[in-house]
Structure formats: structure tokens, C-alpha cells
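Visitor: Each number in my numbering comes from the position in the sequence shown (counting from 1) with 84 added on. I am attaching a structure below and will ask some questions about it afterwards.
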Amino acid sequence: MQDEKAQLRQELIEKRKNVPASTTQRAGAEALQLLATMLDWQAVQRVHLYAAVQVLGEIPTHAIQNWLAEAHPGVHVTVGEAKPGADTPPGDYDIIVVPVLGFDDENFRLGMGGGWYDRWLATQSQAQKIGLAYAWAKLETLPHEAHDIPLDIILEV
């Protein structure tokens with residue numbers, strides 16, 4: 085199973101690296117539009133956004149961060165990059181937005197392979213777990229293991 089995930093990961097990384105910057109920026113704007121209208125932001129106190137890695141073609145979250153600061157200044161927002169061995173953010177979150185390399189119909193995500201998000205998401209049962217993904221990254225089948233945490237929502241942009 086690990087070999088299959090590694091192969092899928094490599095293929096999707098290469099494809100995502102070739103996404104034009106204009107497409108990446110447009111995807112970030114689309115993600116903001118979807119998030120802004122689909123959730124009850126009045127009930128949200130804490131949000132975690134991933135810090136998009138531009139060279140990997142991740143969908144940027146800075147527009148979401150800026151919108152939250154303007155439209156919902158009372159919402160505490162943290163932004164971070166998942167690094168192997170790094171500590172996870174302390175406390176409980178209402179919404180956690182994660183990068184998605186690939187995904188399936190059951191909302192399992194394929195990430196970069198470090199397991200950082202799965203370990204953290206397992207401790208955040210109360211949080212709405214939302215992934216940002218390119219629509220072309222949807223896979224017919226994605227092998228998953230017992231430690232893999234499905235997301236609540238995957239926004240396809």
C-alpha cells in the first residue's frame with residue numbers, strides 16, 4: 085500500500101508543479117468564495133490555515149486569512165506549515181484547512197507522506213476538517229490505512 089501511495093504522490097506532485105501561477109491564484113480565490121458562503125462564521129472562534137508552499141503548487145490560503153481578518157476580526161487564525169517532527173498547534177480548533185494532493189469519494193486525502201496532519205487531526209474531533217484540492221486531483225481509488233483521517237469537506241477548485 086505504501087508503494088502505491090508513493091507512486092500516486094509522485095505523479096500528483098509532478099502534475100501540480102506544472103500548474104501555472106495564475107491558475108493557482110484563481111484556485112485560492114475560488115476557495116475563499118466557497119468557504120465564505122458555506123459556513124456559519126458567527127460560531128467560529130479558532131481557525132488553522134496551512135501556509136501554502138508555492139513551489140509545490142499548493143492552493144494559497146492568504147486570501148482566506150485576509151478575509152477572516154477583515155470580515156471576522158474576532159476569529160483567532162493560526163497559519164502554519166506541516167513539517168515532519170514539528171509540534172502541532174496547541175488547543176482546540178473549530179475549522180482546520182489542510183492542503184490536499186489527491187483525494188477520493190470518501191474524503192480521504194493524499195498528502196506529502198509525513199503523517200503530520202493525520203496525527204494532529206486525530207486530536208481535533210470537534211473541528212470541521214476542510215481540504216483544498218484541484219478538481220483534477222480526484223482519484224477513483226485511494227488506498228488508506230487505519231491512521232488516515234477522512235476530511236469533512238473537500239473543496240474542489
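Ideal Cβ positions, reconstructed from N, Cα and C, are used throughout, including at glycine.
What are the start and end residues of each continuous beta strand (DSSP E) run of 3 or more residues lying completely inside the segment 119-207, in chain order?
Guide: Complete beta strand (DSSP E) runs here, min 3: 130-134, 160-164 and 179-183.
Visitor: Look at the alpha carbon of A153 and the alpha carbon of H146, and state the distance between them as a whole number of angstroms.
Guide: Locating residue 153 in the sequence shown gives position 69, where the first residue counts as 1. Locating residue 146 in the sequence shown gives position 62, where the first residue counts as 1. Answer to the nearest angstrom: the Cα atoms are 11 angstroms apart.
Visitor: Buried or exposed: P144, going by 16 or more other Cβ atoms within 10 Å of its Cβ?
Guide: For the purposes of this step, residue 144 is taken as the residue at position 60 of the sequence shown. P144 should be labelled buried.
Visitor: On the three-pair Cβ rule with 8 angstroms, is the segment 98-106 touching the segment 227-237?
Guide: Result no; under three Cβ-Cβ pairs closer than 8 angstroms.
Visitor: Provide the residue(s) that pair with K213 in DSSP beta bridges, ordered along the chain.
Guide: Position 129 of the sequence shown holds residue 213. Answer is I180.
Visitor: Since I believe A211 is in contact with I179 (beta carbons under 8 angstroms), could you give me their beta-carbon distance rounded to a whole number of angstroms?
Guide: As a position in the sequence shown, residue 179 is number 95, starting the count at 1. As a position in the sequence shown, residue 211 is number 127, starting the count at 1. 6 angstroms between Cβ atoms; contact.
Visitor: If you drop the 5 nearest sequence neighbours on each side, which residues of the same chain put their C-beta closer than 8 angstroms to that of H160?
Guide: Counting from 1 along the sequence shown, the entry for residue 160 is found at position 76. Closer than 8 angstroms at Cβ, skipping near neighbours: Q129, R130 and V131.
Visitor: Is the beta carbon of K222 less than 9 angstroms from the beta carbon of V182?
Guide: Taking the first residue of the sequence shown as position 1, residue 222 is located at position 138. Taking the first residue of the sequence shown as position 1, residue 182 is located at position 98. Cβ atoms of K222 and V182: not closer than 9 angstroms.
Visitor: I need the boundaries of the beta strand (DSSP E) containing L92, first residue and last residue.
Guide: For the purposes of this step, residue 92 is identified with residue 8 of the sequence shown, where counting begins at 1. It is not in any beta strand (DSSP E) - L92 instead sits in the alpha helix (DSSP H) that spans Q86 to K101.
Visitor: Helix, strand or coil: how does DSSP classify E224 here?
Guide: Looking up residue 224 in the sequence shown gives position 140. Coil.
Visitor: Quick one: Cα of M196 to Cα of D236, how far?
Guide: Taking the first residue of the sequence shown as 1, we reach residue 196 at position 112. Taking the first residue of the sequence shown as 1, we reach residue 236 at position 152. Distance between the alpha carbons of M196 and D236: 19 angstroms.
Visitor: State the start and end residues of the unbroken beta strand (DSSP E) segment that holds L239.
Guide: Here residue 239 is taken as the residue at index 155 of the sequence shown, counted from 1. Where L239 is concerned, the enclosing beta strand (DSSP E) stretches over I237 to E240.
Visitor: Which value, in whole angstroms, describes the spacing of the CA atoms of L118 and V103?
Guide: Working through the sequence shown from its first residue, we reach residue 118 at position 34. Working through the sequence shown from its first residue, we reach residue 103 at position 19. Their backbone Cα atoms lie some 21 angstroms apart in a straight line.
Visitor: How big is the Cα-Cα spacing for Y134 and G164?
Guide: Here residue 134 refers to the residue found at position 50 of the sequence shown. Here residue 164 refers to the residue found at position 80 of the sequence shown. Taking the straight line from one Cα to the other gives about 5 angstroms.
Visitor: Give the straight-line distance between the Cα atoms of W220 and A206, rounded to the nearest whole angstrom.
Guide: Taking the sequence shown and counting its residues from 1, one reaches residue 220 at position 136. Taking the sequence shown and counting its residues from 1, one reaches residue 206 at position 122. Answer to the nearest angstrom: the Cα atoms are 27 angstroms apart.
Visitor: Using CA coordinates, which residue listed in D87, L239 and T107 is at the minimum distance from A217?
Guide: Within the sequence shown, the letter at position 133 stands for residue 217. Minimum Cα distance to A217 is reached at L239.
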